[in-house]
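Participant: I'd like to ask some things about the structure below.
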Amino acid sequence: MTETVPPTPAPRGRPRSERAHQAILDAANEILEERGFVDLTIDEVAQRAGVSKTTIYRRWPTKGTLVFEAFAADFLARVPGPDTGSLRGDLLASLRAWIRVNKGTVKGRTLVGLIAEVQRDPELAEIWREGVIGPVRAQHRTIVERAIERGEVLPGVDPDVVLDLIYGAAYHRLLQSHLPLSDRFAQDVVDTVVAGVRTSDPTQSGGRT
Numbered sequence: 001m002t003e004t005v006p007p008t009p010a011p012r013g014r015p016r017s018e019r020a021h022q023a024i025l026d027a028a029n030e031i032l033e034e035r036g037f038v039d040l041t042i043d044e045v046a047q048r049a050g051v052s053k054t055t056i057y058r059r060w061p062t063k064g065t066l067v068f069e070a071f072a073a074d075f076l077a078r079v080p081g082p083d084t085g086s087l088r089g090d091l092l093a094s095l096r097a098w099i100r101v102n103k104g105t106v107k108g109r110t111l112v113g114l115i116a117e118v119q120r121d122p123e124l125a126e127i128w129r130e131g132v133i134g135p136v137r138a139q140h141r142t143i144v145e146r147a148i149e150r151g152e153v154l155p156g157v158d159p160d161v162v163l164d165l166i167y168g169a170a171y172h173r174l175l176q177s178h179l180p181l182s183d184r185f186a187q188d189v190v191d192t193v194v195a196g197v198r199t200s201d202p203t204q205s206g207g208r209t
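Structure representation (structure tokens):
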């Protein structure tokens, strides 16, 4: 009689490579939160993640590419696209969340450092556009598209221009530090943009909150 060999049980949890990948991203984000982009080193990331530097460099050829992926995943999670039922409410909630993440924080200083890096490195600039700007824009473009579908926004309004007006102003204050990223600023920017693109129906405008 032939003895039946029981099947080998499938390993539990995530594959080792996936666990290592996430551990590296988590370690990078921890260091970014503590000290920012400039002081992050691959040596310390490897030590915290419990992997070798070779393991990191197989996935990310430079410090910049690692930081970009770690930053993008965390940043996107912190600035979700809300759905309040109105264009003003959605834009204001989005801009307020963006300000909370970046105003006077290590995250904000890291963002400024990454923006500086992409000016010097075309490869990182491409990663920045595809990994950060693209997903953020897609996430927030929906806000304007929903408002158009509701008839709240004039036909022909370009969602990308609306986002440029909102976030262009916010990035300008973050990078120049000439005026505060205050809640009054957020309301004034949103109200100015909404006033320029909304339909004439007064019931759609909403009040200041």
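Each residue of the sequence shown is one higher than the one before, starting from 1 at the first, in my numbering. Backbone N, C-alpha and C define an ideal beta-carbon position, used for all residues, glycine too.
Starting from Arg137, follow its DSSP beta bridges and name the residues at the other end.
Facilitator: Counting from 1 along the sequence shown, the entry for residue 137 is found at position 137. For Arg137, which the question treats as bridged, DSSP gives no partner whatsoever.
Participant: Out of Ala70, Glu18, Gly151, which has the shortest C-alpha to C-alpha gap to Ile42?
Facilitator: Position 42 of the sequence shown, counted from the first residue, corresponds to residue 42. Among Ala70, Glu18, Gly151, the Cα nearest to that of Ile42 is on Ala70.
Participant: Whole-angstrom Cβ separation of Leu179 and Ala170, contact assumed at under 8 Å?
Facilitator: Numbered from 1 along the sequence shown, position 179 holds the residue referred to as residue 179. Numbered from 1 along the sequence shown, position 170 holds the residue referred to as residue 170. So it is not a contact: roughly 11 Å between Cβ atoms.
Participant: Whole angstroms are fine: how far does the CA of Glu149 sit from the CA of Val162?
Facilitator: Residue mapping note: residue 162 aligns to position 162 of the sequence shown, counting from 1. Residue mapping note: residue 149 aligns to position 149 of the sequence shown, counting from 1. Distance between the alpha carbons of Val162 and Glu149 is about 15 Å.
Participant: Across which residues does DSSP place Val197 in a beta bridge pair?
Facilitator: Locating residue 197 in the sequence shown gives position 197, where the first residue counts as 1. Val197 pairs with nothing; no bridge assigned.
Participant: Quick one, which of Val157, Ala186, Tyr167 has its alpha-carbon nearest Gly89's?
Facilitator: For the purposes of this step, residue 89 is taken as the residue at position 89 of the sequence shown. The residue with the shortest Cα to Cα distance from Gly89 is Ala186.
Participant: How about Gly104 and Leu174: do their beta carbons lie closer than 8 Å?
Facilitator: Numbered from 1 along the sequence shown, position 104 holds the residue referred to as residue 104. Numbered from 1 along the sequence shown, position 174 holds the residue referred to as residue 174. Against a cut-off of 8 Å, the Cβ pair of Leu174 and Gly104 comes out as no contact.
Participant: Quick one: what's got a C-beta closer than 7 Å to Pro159's C-beta in the same chain, skipping five residues either side?
Facilitator: Along the sequence shown, read from residue 1 onward, the residue named residue 159 stands at position 159. Only Arg141, Val144, Glu145 meet the Cβ criterion.
Participant: For Val189, is the classification buried or exposed, using 16 other Cβ atoms within 10 angstroms of its Cβ as the cut-off for buried?
Facilitator: Within the sequence shown, numbered from 1, the residue matching residue 189 stands at position 189. Buried is the call here.
Participant: I believe Leu124 touches Thr65 by the beta-carbon criterion, under 8 Å. Please report the beta-carbon distance rounded to the nearest angstrom.
Facilitator: Position 124 of the sequence shown, counted from the first residue, corresponds to residue 124. Position 65 of the sequence shown, counted from the first residue, corresponds to residue 65. That belief holds up - the Cβ atoms of Leu124 and Thr65 are roughly 7 Å apart, short of 8 Å.
Participant: Quick one: what does DSSP say Val189 is sitting in, helix, strand or coil?
Facilitator: Mapped onto the sequence shown, residue 189 falls at position 189. The answer is helix: DSSP assigns Val189 an H, G or I state.
Participant: Taking 8 Å as the threshold, find out whether the stretch 81-97 comes into contact with the stretch 19-37 through three or more Cβ pairs.
Facilitator: These segments do not touch.
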